[in-house]
Amino acid sequence: MYRNTPHPVFLRDYQPPEFLIDRVDLRFELDPERTSVEARLQVRRNPAATRGDGSLRLHGEQLDLEQVSMNDRLLTPADYRVDAESLTLLRVPDRFGLMTRVRIHPSLNTALEGLYQSGDMLCTQCEAEGFRRITYFLDRPDVMACYGTTLVADRRRFPVLLSNGNRVESRDLPDGRHLVRWEDPFPKPSYLFALIAGDLSAVEDGYTTASGRAVELKIYVEPHNLDKCDHAMRSLKKAMRWDEERFGREYDLDVFMIVAVSHFNMGAMENKGLNVFNDKYVLARPDTATDADFEGIEGVIAHEYFHNWTGNRITCRDWFQLSLKEGFTVYRDQEFSADMGSRGVKRINDVRLLRAHQFPEDGGPMAHPVRPESYIEINNFYTATVYQKGAEVVRMQANLLGPERFRQATDLYFERHDGQAVTTDDFVRCMEAASGRDLGQFRRWYDQAGTPELSIQADDDADDGTYTLTIRQHTPPTPGQPVKMPFHIPLAIGLLGPDGQDLPTRLADEPSATAPGTRVLELREAEQRFRFTGLPVRPVPSLLRGFPAPVKLRFAYSDDELLFLMAHDSDGFNRWDAAQTLLQRLLLALVADPEVGIPDQFFAAFRRALLDSSSDRALLAEVLTLPSESYLGDQMEVVDIDGIHHAHTMLGRHIGERLGEDLLRVYRDNGETGPYVFTPQASGRRALKNLALGYLMWAGDARALGDCQSQFAAAHNMTDVMAALRLLVDHGGAEGAQALDEFYRRWSRESLVLDKWFSVQATSPRPDTLARVIQLMGHSDFSLRNPNRVRSLVGAFCNANPVRFHAANGGGYRFLADCVLELDPLNPQIASRLLKAMIHWRRFDHDRQTLMRAEIARILAIEELSKDAFEVASKALE
Ligand code: 0A1
Ligand code: ZN
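Position one of the sequence shown corresponds to residue 1 (full-length UniProt numbering), numbered consecutively onward.
And the structure:
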């Protein structure tokens with residue numbers, strides 16, 4: 001067992017900082033092996049805090065302390081105490097200057113937190129608590145300071161030296177070194193500090209803000225990637241314009257910089273004026289990146305840019321408030337992407353993501369509220385709940401207020417809290433102040449974990465034209481929260497008449513008629529009843545239109561009603577959802593009884609949708625995609641891994657066989673006609689075409705194999721190449737092996753493309769995949785030190801290949817545990833993320849449970865386990 005069991009931090013223990021730091025001047029003498037960091041802090045006692053024992057404790061980890069002085073007087077070890085996590089100055093005045101000098105070792109930093117080396121460059125990652133690995137500081141977000149940063153380095157090795165804010169000085173020094181000084185005028189928390197040193201080239205552009213200020217835009221990359229920055233730059237300019245128009249937010253510095261690095265634990269980081277990106281979210285050329293990559297880049301560039309206001313100008317008081325910036329910023333980037341592409345398809349994908357990741361999290365051992373109450377390691381809480389559910393909670397408030405009031409509320413938030421570190425409650429207070437609404441009960445969305453289940457029952461009385469919905473809400477218990485109070489839930493619904501038109505939705509106690517269409521019911525109680533009147537016929541209800549709240553719906557639709565909604569609902573989201581529910585039903589019936597017949601009317605509906613040329617192809621592709629195997633598993637009492645895989649394959653094959661001619665026509669009609677463009681229409685065509693090809697390959701259609709090979713050989717865009725490669729690899733045989741070899745030969749020097757080569761093999765359902773993955777771990781291009789590579793092989797296998805990862809012999813689990821144990825000492829964040837693939841072990845059959853539990857226990861038995869992995873493993877077994 002862990003020798004010193006790490007202690008949790010609790011929200012209820014929050015205390016304002018006893019000291020504040022108004023200004024920091026940093027001087028770095030950069031060297032990968034040995035960097036010197038000199039920090040000069042202007043410290044003063046916080047008048048708003050209670051007095052402690054007169055000492056000041058600064059955070060600091062893995063720092064070699066060389067010197068400390070106070071008000072220019074050198075201190076001796078008798079004046080302070082140093083331990084592995086802090087430097088404590090024993091007696092300090094109310095206001096003073098403090099200087100510390102430390103040494104750090106970027107080249108040894110494999111955790112990628114603090115200052116580290118990525119290839120030939122040096123870069124930083126300080127969120128959440130990485131700044132303490134750079135210098136001694138009050139490394140907490142409610143201490144906001146102005147930063148001046150001086151960077152000194154060898155000019156040849158590190159010609160580009162960047163930090164936050166504006167560049168105010170640059171000059172050569174003797175011995176081939178140079179110096180650059182940066183000044184950031186906006187006070188910020190330490191987690192937003194960044195520096196970059198490297199031999200980088202920049203793509204440059206400019207932007208004029210709504211009020212007429214000129215901003216330089218620069219994207220820094222390694223020189224060979226200069227031709228892959230156009231899309232990122234276009235996305236950035238669009239995001240800047242959109243934020244002005246939609247939220248009235250302008251950029252505030254003279255320069256906005258993005259740097260692409262190849263070793264990065266997460267997607268990207270919003271450091272003030274100097275966003276550091278995982279290069280996966282910057283670099284794209286039609287022949288190297290798929291439509292999904294293009295979309296990801298547009299979304300992440302916008303997300304980080306939007307943080308400049310939601311996160312940087314207004315930041316979090318403490319890390320329990322993480323969703324204050326993340327939930328709101330995800331909501332903003334979702335809305336941006338909806339405006340740039342197809343709103344309907346965007347909503348479908350966001351909900352798909354929420355259901356695939358957040359719902360299971362909410363139902364598992366790591367369930368936590370959007371505003372958690374405690375954590376052992378904050379890095380474990382950059383979760384789907386904080387990000388995606390947090391965005392849904394903002395979305396519900398936006399919908400409850402309506403667009404105008406919501407804009408007034410966000411204007412108020414920006415005005416009231418600019419320059420402050422605040423809480424999610426401060427955010428809700430602005431919503432209330434601008435709208436006059438009471439969101440008291442609504443606040444439960446922030447502090448109760450778990451996904452509410454809505455059971456709805458319909459009763460009609462044909463004689464008097466009424467129709468009654470009885471709605472019960474129930475939220476299952478989650479760890480530490482056995483009993484839940486009812487949530488305030490906005491429920492958008494419509495009622496459809498027999499011709500598919502929306503009927504009026506007038507409630508029994510309402511004096512006048514309401515227009516036909518969607519209306520929002522507000523649920524507040526455990527059980528509520530809504531009686532609609534004046535209905536000429538019994539309607540088909542369209543419930544949860546547009547997915548108005550992160551809840552699960554139970555309603556006993558007949559298959560005919562689902563087919564009807566799929567064809568007629570005026571709400572595009574619900575047309576998709578009806579199709580998915582139908583497919584899910586069919587698949588689960590096949591799991592229960594593989595001999596069960598697939599009704600003809602299913603194929604007829606599928607065919608009608610497939611050939612509906614008036615419909616948006618991107619939306620069609622979503623409608624006709626089978627629910628994923630993991631999602632199907634989430635719907636079962638006990639996940640039947642093999643049964644689901646078999647049912648999935650069987651239904652896919654039947655569709656391919658029964659609708660072969662139609663699928664082939666759709667495939668051929670939607671081929672590429674010109675050079676690649678990234679538009680919703682063009683990517684929709686590609687999605688539909690490749691979906692059709694997939695069904696044909698499932699059916700073993702001989703013509704499709706040829707089409708696959710030609711598409712692989714001829715396509716100039718990575719979307720089509722990858723779609724074909726995936727199908728060829730899953731098909732196996734000489735065709736699969738040959739395609740993989742060819743792909744490798746062509747792309748082995750493009751790291752991000754090579755990641756695709758690894759993951760396409762890791763996610764293949766072929767029986768020998770685990771053996772192949774283990775073999776690939778020894779490939780000369782594989783490295784545990786590059787998170788993207790680890791995710792593309794190990795992460796892809798464990799999270800996106802259920803049938804092979806959950807093999808009954810436990811080989812997948814052993815493999816994952818071995819990887820976690822090898823990775824944990826190098827990079828705890830990545831290790832603990834991988835480990836999460838096993839925490840839902842209780843959802844499986846007895847034998848698999850035993851196997852997974854044993855592997856988690858094997859990890860937990862390691863004495864030197866990181867806090868990160870310890871928290872996940874111990875909570876998984878609780
Ligand atoms: N704030 C970033 C995400 C991020 C979080 C932690 C990191 O390192 C531990 C890095 C990035 C975002 O939301 O984009
Ligand atoms: Zn973010």
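Just so it is clear, CB atoms sit at the ideal spot from N, CA and C, and this is done for glycine as well. On a predicted model such as this, the values are computed, not experimentally measured, just so you know.
Looking at residue i: is its Cβ nearer than 9 Å to the Cβ of residue j?
{"i": "L491", "j": "E522", "result": "yes"}
{"i": "L507", "j": "R531", "result": "yes"}
{"i": "A421", "j": "D847", "result": "no"}
{"i": "I641", "j": "V803", "result": "yes"}
{"i": "residue 956", "j": "V102", "result": "Limits of the chain in this structure are 1 at one end and 878 at the other, which puts residue 956 out of reach."}
{"i": "L752", "j": "L283", "result": "yes"}
{"i": "L611", "j": "D662", "result": "yes"}
{"i": "N312", "j": "Q829", "result": "no"}
{"i": "T124", "j": "L26", "result": "no"}
{"i": "R95", "j": "R45", "result": "yes"}
{"i": "P536", "j": "G465", "result": "yes"}
{"i": "Q473", "j": "E525", "result": "yes"}
{"i": "R365", "j": "P479", "result": "Looking at the sequence itself, residue 365 is Pro, so the reference to Arg does not match. Closer than 9 Å, so yes."}
{"i": "P106", "j": "L122", "result": "yes"}
Would you kindly work out how many angstroms separate the C-alpha atoms of residue i and residue j, rounded to a whole number?
{"i": "R575", "j": "L565", "result": "6 Å"}
{"i": "R343", "j": "P627", "result": "21 Å"}
{"i": "L138", "j": "E863", "result": "29 Å"}
{"i": "G546", "j": "R519", "result": "12 Å"}
{"i": "Q584", "j": "L651", "result": "11 Å"}
{"i": "S435", "j": "L412", "result": "11 Å"}
{"i": "F320", "j": "I378", "result": "9 Å"}
{"i": "K228", "j": "A289", "result": "9 Å"}
{"i": "M499", "j": "F603", "result": "The residue you asked about is not Met; residue 499 is Asp in the sequence shown. D499 and F603: Cα-Cα distance of roughly 22 Å."}
{"i": "D205", "j": "Y281", "result": "19 Å"}
{"i": "E432", "j": "E38", "result": "46 Å"}
{"i": "S558", "j": "H368", "result": "35 Å"}
{"i": "P403", "j": "F743", "result": "48 Å"}
{"i": "E453", "j": "D287", "result": "44 Å"}
{"i": "R12", "j": "F712", "result": "57 Å"}
{"i": "P541", "j": "P8", "result": "46 Å"}
{"i": "Y2", "j": "W309", "result": "Summary for Y2: the model assigns pLDDT 44, below 50, so the residue's position carries little reliability; its value from the coordinates is reported in the next sentence. Computed Cα separation, rounded: 41 Å."}
{"i": "T208", "j": "A214", "result": "5 Å"}
{"i": "L179", "j": "V152", "result": "4 Å"}
{"i": "L705", "j": "W841", "result": "38 Å"}
{"i": "C708", "j": "E871", "result": "45 Å"}
{"i": "R171", "j": "A194", "result": "21 Å"}
{"i": "K867", "j": "I376", "result": "7 Å"}
{"i": "D460", "j": "L469", "result": "9 Å"}
{"i": "N786", "j": "Q408", "result": "44 Å"}
{"i": "R772", "j": "F758", "result": "10 Å"}
{"i": "T514", "j": "I196", "result": "59 Å"}
{"i": "V276", "j": "P17", "result": "28 Å"}
Starting from residue i and walking both ways along the beta strand (DSSP E), at which residues does that stretch end?
{"i": "F19", "result": "F19 to E29"}
{"i": "L89", "result": "S86 to L89"}
{"i": "T769", "result": "Premise fails: T769 lies in the alpha helix (DSSP H), T769 to M777, not in any beta strand (DSSP E)."}
{"i": "V221", "result": "A214 to V221"}
{"i": "C146", "result": "A145 to D154"}
{"i": "N278", "result": "L274 to N278"}
{"i": "P182", "result": "Per the sequence shown, the amino acid found at residue 182 is Trp instead of Pro. Counting along the chain, the beta strand (DSSP E) containing W182 begins and ends at R177 to K188."}
For the alpha helix (DSSP H) holding residue i, just list the boundary residues, first then last.
{"i": "Y631", "result": "E629 to D634"}
{"i": "K346", "result": "R343 to L353"}
{"i": "R726", "result": "M718 to H731"}
{"i": "K237", "result": "D230 to F247"}
Sufficient close CB pairs (3 or more, under 8 Å) joining the stretch 689 to 700 to the stretch 722 to 732
yes
query = Do three or more CB pairs link the stretch 237 to 253 to the stretch 300 to 310 at distances below 8 Å?
reply = yes
- Is the number of C-beta pairs between the stretch 764 to 783 and the stretch 807 to 818 that are closer than 8 Å three or more? yes
- Around the ligand ZN, what residues have a beta-carbon under 6 Å from a heavy atom of it, in chain order? H303, H307, E326 and T329
Segment contact, 8 Å Cβ cut-off, at least three pairs: the stretch 112 to 127 with the stretch 256 to 269: Segments in contact, yes.
- Message: Under 8 Å, with one C-beta from each stretch per pair, do the stretch 380 to 392 and the stretch 351 to 365 reach the 3-pair mark?
- Response: yes
Does the stretch 180 to 187 come into contact with the stretch 68 to 88, if we say contact requires no fewer than three beta-carbon pairs (one atom in each stretch) closer than 8 Å? no
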